[in-house]
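Residue numbers for the sequence shown follow the working numbering, beginning at 7 and rising by one.
All residues carry an ideal CB built from backbone N, CA and C; glycine is no exception.
All values reported here derive from a predicted model rather than from experimental measurement.
Beneath this line is the structure, given in structure tokens, with notes to follow.
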Amino acid sequence: MEALKQRILEEGIVISDQVLKLDGLLNHQVDPELTMQMGKEFAARFREEGVTRVVTVESSGIPAAFATAYELGVPLVFARRKKTLLADPDALCERVPSFTKGIVTDILISRQYISENDRILFIDDIIANGDAARGVVKIIQRSGAELVGVGIVVEKSFQAGGRAIREQGIRLESLVRIMSLNDGKVTFED
Ligand code: 5GP
């Protein structure tokens, strides 16, 4: 997605060889027009899959996932992050390490909003090591729903997350793939 690459070059700040700050478009501020374009692109790629619900994780996945759900005409469910887990017999829960925060969080989705009749498209902002995605994939699998695919706004392809999800036989589509952040520079694949 060329418009997205352009915005990343304009607004992304390379923090290290591993981390790209994207507060200007994903993690603090959101451009509604660009975000709706992301939704259109994901919807076009997964339209034939009979998606019944889009799933994401709060909070940075929500805008792109909302745009996708809007385009597909289906509800959006966002997994919630809980620091302490109060007993909730109705929730599916996974513990995941957070790449940027250096802490572990529990993410959960109520069984009320995901069932074995669903065909789920999981959308998220960034994939690095894939811990967040793996947690959500496990929750979806435990719910009995069918995971039709994963849509990621920014895949850092020099880290293992995207590859690991694909190796599970899951279709993963990303809007841009970053192959390196070396020397303070963003280098895209292709
Ligand atoms: P993972 O679980 O794949 O290692 O990390 C995924 C989550 O960590 C993303 O949802 C994103 O919020 C955050 N993250 C990972 N790498 C980066 C990065 O380079 N920049 C930013 N802004 N967030 C990141």
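Is residue i helix, strand or coil by DSSP?
i: S149; result: helix
i: R177; result: coil
i: E122; result: coil
i: I14; result: helix
i: L28; result: coil
i: K162; result: strand
i: G168; result: helix
i: I132; result: strand
i: V20; result: strand
i: D137; result: helix
i: Q43; result: helix
i: P95; result: coil
Evaluate residue i with the Cβ neighbour count: other Cβ atoms within 10 Å of its Cβ, from every protein chain shown; 16 or more gives buried, anything less gives exposed.
i: S66; result: buried
i: G141; result: buried
i: D130; result: buried
i: L187; result: buried
i: R59; result: buried
i: P69; result: buried
i: K162; result: buried
i: G204; result: Here the chain comprises residues numbered 7 to 196, so residue 204 is not present and cannot be evaluated.
i: I109; result: exposed
i: L26; result: buried
i: I115; result: buried
i: I158; result: buried
So, at 7 Å on beta carbons, what are the nonlocal neighbours of residue i in its own chain, with the 5 sequence-adjacent residues on each side left out?
i: L31; result: R13, E17, D37 and L40
i: G167; result: I133, A134, N135, G136 and A139
Bridge partners for residue i per DSSP, in chain order?
i: T193; result: S186
i: A85; result: V63
i: E100; result: I113
i: F48; result: Note: F48 sits in no beta bridge, so no partner.
i: L127; result: V60 and G155
Spatial neighbours of residue i within its chain, please: C-beta separation below 6 Å, excluding the five flanking residues on both sides.
i: L153; result: I126 and I146
i: L178; result: V156, G168, I171 and R172
i: G56; result: R125
Skipping 5 residues on each side, what residues in its chain have a beta carbon closer than 8 Å to that of residue i?
i: Q118; result: D96
i: Q35; result: D29
i: K107; result: none
Three CB pairs or more closer than 8 Å across the segment 72–80 and the segment 40–58: yes
Any chance the segment 52–66 sits against the segment 112–132, with 3 or more Cβ pairs inside 8 Å? The segment 52–66 is in contact with the segment 112–132.
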